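Peer 1: Residues in the sequence shown are numbered consecutively from 5, following my numbering.
For each residue, glycine too, the CB sits at the ideal point set by N, CA and C.
Computed from a predicted structure; not experimentally measured.
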Amino acid sequence: MHRVQEEEDAGVNLQLGSFSEEQTLSISDLRFLLEHKRADSDPNTLGDIFDKTYQYADKFCRSKNQAAIDEARAVVDKYSSIHPFEGALLRNLQPENYEEAYVLIPSLEAKIPMEHLDELLDDLSKVQQF
5 MHRVQEEEDA GVNLQLGSFS EEQTLSISDL RFLLEHKRAD SDPNTLGDIF DKTYQYADKF
65 CRSKNQAAID EARAVVDKYS SIHPFEGALL RNLQPENYEE AYVLIPSLEA KIPMEHLDEL
125 LDDLSKVQQF
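1) For the alpha helix (DSSP H) that Ile53 lies in, which residues bound it at each end?
2) From Val131 to Ala72, what does the alpha carbon distance come to, in whole angstroms?
3) So, does the region 26-43 touch the region 52-61, judging by three or more C-beta pairs under 8 Å?
4) What did DSSP end up calling His120 once you bin it into helix, strand or coil?
5) May I ask which residues mark the beginning and end of the alpha helix (DSSP H) holding Gln70?
6) Rank Asp74, Met118, Pro117 by C-alpha distance to the C-alpha of Ala92 and give the top, closest one.
7) Comparing alpha-carbon positions, which option in Asp46, Phe89, Gln70 lies nearest Gly21?
8) Please confirm if the region 118-130 is in contact with the region 80-87, defined as three or more CB-CB distances below 8 Å between the two stretches.
9) DSSP three-state call for Pro99: helix, strand or coil?
10) Roughly how many angstroms lie between the CA atoms of Ala76 and Phe54, to the nearest whole one?
11) Quick one: Cα of Ala114 to Cα of Glu39, how far?
12) I'd like to know whether the C-beta atoms of Gln98 and Arg66 end up nearer to each other than 9 Å.
Here it is in structure tokens:
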């Protein structure tokens with residue numbers, strides 16, 4: 005029972021440990037970086053893991069347009085209370101409304117009111133349609 009409570013608290017209180025200051029990428033960001041690595045490298049030197057990672061990122065990215073990726077990041081970055089990790093989760097998961105976002109990313113509930121989160125999600129959905 006105690007472990008279950010710790011896991012629930014970990015979702016409400018973002019606990020990234022030594023990774024809290026690291027840059028966070030969305031899947032679209034990852035795809036863009038891998039695309040450039042692929043273009044700049046000999047395909048025979050990249051290997052199977054690179055290819056599988058690229059295929060995954062290509063399949064699940066929200067946008068393949070760099071301008072849309074940058075704009076989506078800017079939409080989320082307008083809200084300084086949101087940690088970059090939470091922003092990447094929002095860009096990856098694209099919840100439809102604040103309720104879904106709070107369930108998927110419980111730490112947001114204490115950081116951003118539902119009306120602002122709905123506005124952010126609406127703006128994000130408009131950007132990532134491209």
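Peer 2: According to the data block:
1) 47-64
2) 6 Å
3) yes
4) helix
5) 70-81
6) Asp74
7) Phe89
8) yes
9) coil
10) 25 Å
11) 37 Å
12) yes
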